[in-house]
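Engineer: Residue numbers (the numbering used here): 45 to 233.
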């Protein structure tokens, strides 16, 4: 009986965490580019990022990349020693800590042209990391598989938080599937 209770509680915690997560495509329909003159600062200001949310960078890997950098590197568009580099053109980054996360395109001139992003993950009392925090710079790779998903910690710079955003429908489907699996596990004893 105790095992059933533990399984049920674990399932409920996982479902609550999943139900709060959102996926954001950086730049919306334009994606991660310099061609469409996307104002990434404005784009980020219309979103409220939470721990567990995922940001998706979609771009042409022949012309762009994504570098996660420190605040100082972000301010100066310094790409000499990024925390991590993404090069697939379809890179997902799961946010695991509150605070600022800094990204830019490392192709010469692109950051200076505005292809840079400062995401602020708000701090709420109920937010806890969904997975193991920090990745090290050794784990980043310049030659990645066709798609990558990475979990990253924040850069530790406080700041204001923008407005709320809704979760995507596929998160709801995942929750329903998880709930059915959990119920089956509970009553299968």
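Don't be surprised by glycine CBs; every beta carbon is placed ideally from N, CA and C. Since we're looking at a predicted model, the values are computed, not measured.
Whole-angstrom Cβ separation of residue 82 and residue 88, contact assumed at under 8 Å?
Structural biologist: The Cβ separation is near 11 Å, so there is no contact.
Engineer: I believe residue 167 touches residue 142 by the beta-carbon criterion, under 8 Å. Please report the beta-carbon distance rounded to the nearest angstrom.
Structural biologist: Residue 142 and residue 167 do touch by the CB rule: their CB atoms are close to 4 Å apart, below 8 Å.
Engineer: Taking the beta carbon of residue 129 as the centre, do at least 16 other beta carbons fall within 10 Å, making it buried, or is it exposed?
Structural biologist: Label assigned to residue 129: buried.
Engineer: Going by CA-CA distance only, name the one from 95, 91, 93, 132 that's closest to residue 111.
Structural biologist: Comparing Cα-Cα distances from residue 111 to each of 95, 91, 93, 132, the minimum goes to 132.
Engineer: Residue 120 lies in the alpha helix (DSSP H); which residues open and close that run?
Structural biologist: 115 to 120
Engineer: Report the residue ranges of all beta strand (DSSP E) runs contained in full by the segment 57 to 115; include only those spanning at least 3 residues, in chain order.
Structural biologist: 67 to 69, 98 to 102, 110 to 113
Engineer: Do you know whose CA, among 122, 85, 154, 92, lies nearest residue 139's CA?
Structural biologist: 92
Engineer: Less than 7 Å separating the beta-carbons of residue 77 and residue 157?
Structural biologist: Their beta carbons are not under 7 Å apart, which means residue 77 does not touch residue 157 by this criterion.
Engineer: Excluding the five sequence neighbours on either side, which residues of its own chain have a C-beta within less than 8 Å of the C-beta of residue 123, listed in chain order?
Structural biologist: 111, 113, 117, 148, 150, 155
Engineer: Opposite residue 165 in the DSSP bridges: which residues?
Structural biologist: 93, 143
Engineer: Count the other CB atoms, across all protein chains shown, that sit within 10 Å of the CB of residue 104; report buried if there are 16 or more and exposed otherwise.
Structural biologist: exposed
Engineer: Are the beta-carbon atoms of residue 136 and residue 90 separated by less than 7 Å?
Structural biologist: no
Engineer: Just how far apart, CA to CA, sit residue 96 and residue 153?
Structural biologist: 32 Å
Engineer: Going by DSSP, name the residue or residues bridged to residue 134.
Structural biologist: 102
Engineer: If you measure from the beta carbon of residue 118 to each beta carbon in chain B, is any gap under 7 Å?
Structural biologist: In the displayed structure, chain B is absent; only one protein chain is listed.
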